[in-house]
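Terminal number for the sequence shown in UniProt numbering: 429, no gaps in between. We treat Cβ as the ideally placed atom computed from N, Cα and C, and that holds for glycine.
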Amino acid sequence: MPASRKQGQRIRRRTVRRQPPGRCVIESIPHELLCRIFEEAQLKLDRVCLSRSLLASALEALYDNVQIYSERMLARFCASLRAQPELAGCVKAFGLSGRDDDDDDDDDEWEDEPSDCALGEVTGSTAVLQLDEDPSATHHRPDMLEATAELLREVLHRLTSLKSILLFGRERIHSVFASSFLSGGGLSRVESVTLALDPGEDWDDYADREICRRLQMLPKLKAVGFFGNRDGMPLGLDNDEASVCLEPQSWALDEIVFSETPWIEPEIRHLLGAIQPGLKRFKVESMFCYRGFADDLRLLPHRRGPIPTFDDVLVRLSGLKHVHLAGPVLASASTLSAFSILPQLVCLHLEYHIPLSGSHLVSLVSTSASLKYLHIHLCCCPTESRIAAGDSRVRARWEHDFRYNDATKLVAAAKRHGVGIGGNLYCFL
């Protein structure tokens, strides 16, 4: 090949190799869309390496949902908001749980690690960001901040776009939901509130009765959740004082949830009666509830048609395959036989305090075309009278309509129709 031709090919190759790289396509995506992409990807700084041009979008996505797990973390978060106030407007959800004595290893997560990032990239492993070289600038230093109630209220006051809040601990709950803070515009845009008790706490203080009345001060609130209790409720028993009174149909909510709440007390009827039409979700997780709770559910708003009982609602859900019930939630044991009309019911799980009837249970296992498993848990704790007499043995508490003979008939009928029996029933036969 002629020397001139070889030289021309080398020149063309060098020209191709030295062409400047094109602009990264992701940098041309609109800022709002880029933030949504980062949110969907659940971006975390310790797992990504970013170009400086994407830092603003990444920070906005990271600040969308802020969960704080110790008081030291709260102080650091407050310091970051003081240093960059514009980031406060990015926070849509905020949660605070835990104490410093529960989080001894918290600072270990902030140790610096070697970075493989190229020059011009931002790495998430950076442990310390120097905000101000002035030694007197303690305003931005987390180690100079104390996680007090005032600091928490300052943080929440800065979060002007906040829509959802989760708080653990009665002390924090009362400091945030003080009338003075709420009347000053605090949490004015919040749509969802979840309040949780720390271990060992209960809604047993006089001030706890005012919680729901304070929540009514939030103009955009649509969802309320309570997590945990022993036997108290954040409601007034008599509902006759101005600080606790919930007027009938005075509260427009879409959702009410009581999670892991062992006891449901009669005070809840005031909350049920205060809800305006439009409620979309009402959820209760409880081991025990007062007698009459099923009847008080009728206080919830309804627009037309007959008022359904809790028993009626269950048998109308034709797609049910598994039903798990506990506590005195059924008005009558006759509902048990009515479950046979559910065409897809495979498993019926009956825990403590469900009214039992031998005849209705036999009818259920004999007529249901789909039932494969029936779990029955009989109450077996000794009564107070037996304990007083010195008898603390575990024995079945047979009911008026479900005694030993009824149980043996049920077991025989279940065996004939191929229905398995579980629970503690066999322990007493």
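Q: Return the first residue and the last residue of the beta strand (DSSP E) that residue 283 is part of.
A: As a position in the sequence shown, residue 283 is number 283, starting the count at 1. Per DSSP, the continuous beta strand (DSSP E) segment holding residue 283 begins and ends at 281-284.
Q: Please report the residue range of the beta strand (DSSP E) in which residue 168 lies.
A: One-based indexing of the sequence shown puts residue 168 at position 168. DSSP places residue 168 inside the beta strand (DSSP E), whose first and last residues are 164-168.
Q) How should residue 354 be labelled, buried or exposed, when 16 other C-beta atoms within 10 angstroms of its C-beta is the threshold for buried? A) Position 354 of the sequence shown, counted from the start, is the residue given in the question as residue 354. Buried.
**Q.** Terminal residues of the beta strand (DSSP E) in which residue 66 lies
**A.** On the sequence shown, position 66 is the one that residue 66 refers to. Where residue 66 is concerned, the enclosing beta strand (DSSP E) starts and stops at 65-68.
Q.
Using C-beta distances below 7 Å, list every residue in its chain close to residue 273, excluding the 5 sequence neighbours before and after it, in chain order.
A. Taking the sequence shown and counting its residues from 1, one reaches residue 273 at position 273. Within its own chain, the residues whose Cβ lies closer than 7 Å to the Cβ of residue 273, once the five positions on either side in sequence are excluded, are 248 and 299, listed in chain order.
Q: Determine which residues share a DSSP beta bridge with residue 259 and list them.
A: Residue numbering aside, residue 259 sits at position 259 when the sequence shown is read from its first letter. Bridge partners of residue 259: 227.
Q) Which ranges would you report for the alpha helix (DSSP H) in the stretch 371-421 if only whole runs of at least 4 residues count? A) DSSP runs (the alpha helix (DSSP H)) wholly in the stretch 371-421: 384-388 and 404-416.
(Q) Comparing C-alpha positions only, which one of 76, 155 and 95 sits nearest to residue 89? (A) Within the sequence shown, numbered from 1, the residue matching residue 89 stands at position 89. In this structure, 155 is the residue among 76, 155 and 95 with its C-alpha nearest to the C-alpha of residue 89.
Q: Please go through the same chain and pick out, in chain order, the residues whose beta-carbon is closer than 6 Å to the beta-carbon of residue 361, but skip the five residues on each side of it.
A: What you label residue 361 is simply residue 361 of the sequence shown in a count that begins at 1. 336 and 410, listed in sequence order.
Q: Count the C-beta pairs between the stretch 179-191 and the stretch 162-171 that are closer than 8 Å, then say yes if the count reaches three, no if not.
A: The answer is yes - the stretch 162-171 touches the stretch 179-191, with three or more Cβ pairs under 8 Å.
Q.
For residue 348 and residue 370, what's the separation of their Cα atoms in angstroms?
A. The count along the sequence shown starts at 1 and reaches residue 348 at position 348. The count along the sequence shown starts at 1 and reaches residue 370 at position 370. Straight-line Cα distance between these residues: approximately 11 Å.
Q: Run the CB neighbour count on residue 406, radius 10 Å, all protein chains shown included, and call it buried at 16 or more, exposed below.
A: Looking up residue 406 in the sequence shown gives position 406. Answer is buried; the Cβ neighbour count reaches 16.
Q: Check the DSSP bridge columns for residue 193 and list the partner residues they point to.
A: Reading the sequence shown from its first residue, position 193 is the one you call residue 193. Under DSSP, residue 193 forms a beta bridge with 165 and 224.
Q: Locate the beta strand (DSSP E) running through residue 362, then write down its first and last residues.
A: Within the sequence shown, numbered from 1, the residue matching residue 362 stands at position 362. No beta strand (DSSP E) contains residue 362, which is instead part of the alpha helix (DSSP H) from 358-367.
(Q) Cutting at 8 Å between CB atoms, please list the residues of its own chain near residue 276, excluding the five before and the five after it. (A) For the purposes of this step, residue 276 is taken as residue 276 along the sequence shown, with counting starting at 1. Correct list, in chain order: 249, 250, 251, 252, 253 and 301.
(Q) For a test of the three-state rule: what should DSSP assign to residue 200, helix, strand or coil? (A) Looking up residue 200 in the sequence shown gives position 200. Coil.
Q | Limits of the unbroken beta strand (DSSP E) element including residue 78 | A | Within the sequence shown, numbered from 1, the residue matching residue 78 stands at position 78. Segment 71-83 is the alpha helix (DSSP H) holding residue 78; no beta strand (DSSP E) there.
Q: Measure how close the beta-carbons of residue 240 and residue 269 come, nearest whole angstrom, since I'm counting them as under 8 Å.
A: Working through the sequence shown from its first residue, we reach residue 240 at position 240. Working through the sequence shown from its first residue, we reach residue 269 at position 269. Residue 240 to residue 269, Cβ: 14 Å. No contact.
Q. CB residue 486 to CB residue 285, shorter than 8 Å?
A. In this structure the chain extends from 1 to 429, so residue 486 is not present and cannot be described.
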